Amino acid sequence: ILISDSANGPWTEATIEPDRGSTITQVAFVDGETALAVGHDGWILRSTDAGHTWKEMAFDAEHADPLMGIGVVDSKVYVVGSFGQLRVSNDWGQTWEKLTADAISDHHLYGIVRQNDGSTLIVGEQGLMVRSADGGKTWQALPQVYNGSFFGVVSTPAGGTVAFGMRGHVFL
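Under the working numbering, the first residue of the sequence shown carries the number 1297, and numbering increases by one thereafter.
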């Protein structure tokens, strides 16, 4: 993880404890000082000093399956990944609980976002979109609008949701 106070640098390497050498796939800030990073081997890192130092919150050397996305939804943090990995933290990433949902099965999950109506949307491979309107207790599959993989999802200031995927496909 590299950090800088300017887009033009200089860039310095953050301190990671322990430094496993696994691939990091996404970093997200939950506030001005607290950040989370996820990656391969179920690796979850947490920083409380704006990304300068990181401490390991989870790691699973037995399963190299990557975590791919981070989403902050109200007072919860979710991480998603390959083979239906879905985890939630109620303490800003200090501890994690694994969740399961029939609608997700073992699909690879790439993105998660809080929609402007308060619901949570997860996107993944094979056009998967699942939605929770009850704080992540239950998940319902949405009608498929695309056969390819969705690699991310964002909410817009105007109240919409944008899902983007393979070969430049974007859906509003």
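We treat Cβ as the ideally placed atom computed from N, Cα and C, and that holds for glycine.
None of the values given here were measured: they were computed from a predicted structure.
Secondary structure note for W1350: its beta strand (DSSP E) is the uninterrupted segment T1349 to A1354.
When DSSP states are grouped into helix, strand and coil, E1329 belongs to the coil group. For a cut-off of 8 Å, the C-beta gap from G1389 to L1298 is around 20 Å, too long to register as a contact. If you check the CB distance, G1377 and A1354 do not come in under 8 Å. For I1408, the enclosing beta strand (DSSP E) covers residues L1405 to R1410. Apart from the 5 residues on each side of it in sequence, Q1440 sits with its Cβ closer than 7 Å to the Cβ of G1423 in its chain, given in chain order.
Cβ contact annotation for S1428 (same chain, cutoff 7 Å, sequence separation greater than five): S1415, T1416, T1434 and W1435, in chain order.
Per DSSP, the unbroken beta strand (DSSP E) holding I1340 starts and ends at I1340 to S1343. Spatial neighbours of T1319 in its own chain (CB-CB distance under 6 Å, excluding positions within 5 residues in sequence) are listed in chain order as G1335 and H1336.
Measuring C-alpha to C-alpha distances from G1347 to each of Q1322, L1363 and M1462 identifies Q1322 as the nearest. By the beta-carbon neighbour count (other beta carbons within 10 angstroms, threshold 16), A1459 is buried.
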